[in-house]
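All remarks here apply to the structure that follows.
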Amino acid sequence: MSRLKILIANELEKMVRKRTTLWIALIVLAIQIAAAFFEHSTRLANDDLGTGFQVTVFSLKISLQLLALILLALSSMTLSEEIATGTAKMILARGVKRRDFILGKFIALVCISIVLVVFYHLIGLLLGHFLGGLTAIREGDYILFTARELARGFSGGMLLTLCATIALVALGCFVSILIKGSGGAVGTGIVIYFFMQILSQMDLFQKYLFTRYLFLPIDNMTRMAEGIYVDWARHAWWTMGVSSGSVLIFLVLSIIIFNKQDVWC
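All residue numbers for the sequence shown refer to numbering that gives the first Met the number 0, where the first residue is 0 and numbers rise by one.
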């Protein structure tokens, strides 16, 4: 366990030190801010101010869609790159178990993912606060949702988004074991991701694919911000169940395949 902790700490340090990680985070942040001001100005032009929650969910959905592709790319290249360059060989030669090697990468990526997802959710709330105010949703004098109910739904949606995001990272790690070379792994991961997104729109498959639940929470938040009731409990069980199952399947397959790979040649 202590060796696994060291691996996780080393991976986190490497990821944080990369300038590309910071630049990517800043670019997504800039796009989110621009989207928030665009939504706010559009509502002003239409004399439909609404509330800040509507600005929040609009800008957040755009940033989450970009973030999903970025996290998939990062997780798809992290193992394949080290295997191709021989770094994995040097690490394994020190007595590190292959299972720990994969888990260290995965957990470090999950930590980065959690920080980024929470960060953009908080930024979304700040933008909503300054561009409309996080107030109740009303229809005339009737309150459809109080600010507290909206905040509770927003918090629950963020947690469900994290569940599906972890499954996305697990998919990336699985692809990085299958494909040698970071470019090929990233391309393959993105193709698989979009294929799963297409399947998740079909009634036959949608309940059983984690991609179905990746943006479902933010879609539900959007409905709440428009005054539409959402049954969070039903979506929560499916999101957690399918995401957890996907993580388990991808990690087990990754470990099995990596144990059979010859990284010494």
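For every residue, glycine included, the Cβ atom is placed at its ideal position computed from N, Cα and C.
Sixteen is the threshold: when 16 or more other Cβ atoms of the shown chains lie within 10 Å of the Cβ of Ile122, as they do, the residue is buried. Of the residues Leu161, Val15, Thr134, the one whose Cα lies closest to the Cα of Leu66 is Leu161. A residue is called buried once 16 or more other Cβ atoms fall within 10 Å of its Cβ, and Met201, having fewer, is exposed. By DSSP's assignment, Ile142 forms a beta bridge with Arg137. The C-beta distance from Phe52 to Gly155 rounds to 14 Å, too long to fall under 8 Å, and the pair is not in contact. Taking C-alpha positions only, Val185 is separated from Met157 by approximately 26 Å. By the 16-neighbour rule on beta-carbons within 10 angstroms, Thr164 is buried.
Ala135 and Phe144 do touch by the CB rule: their CB atoms are close to 6 Å apart, below 8 Å.
The C-alpha of Glu10 is placed about 15 Å away from the C-alpha of Ile113. In this structure, the alpha-carbon of Cys172 lies about 5 Å from that of Ser75. DSSP places Tyr212 within a helical segment (H, G or I) once states are collapsed to three.
By the 16-neighbour rule on beta-carbons within 10 angstroms, Ala87 is buried. Straight-line measurement puts the Cα of Ala232 at about 28 Å from the Cα of Leu108.
Ile191 places its beta carbon 9 Å or farther from that of Val168. Counting every other CB atom within 10 Å of its CB across the protein chains shown gives Lys206 a total below 16, marking it as exposed. A contact between stretches requires three or more CB pairs, one per stretch, nearer than 8 Å, and the segment 213–225 fails this requirement with the segment 90–106.
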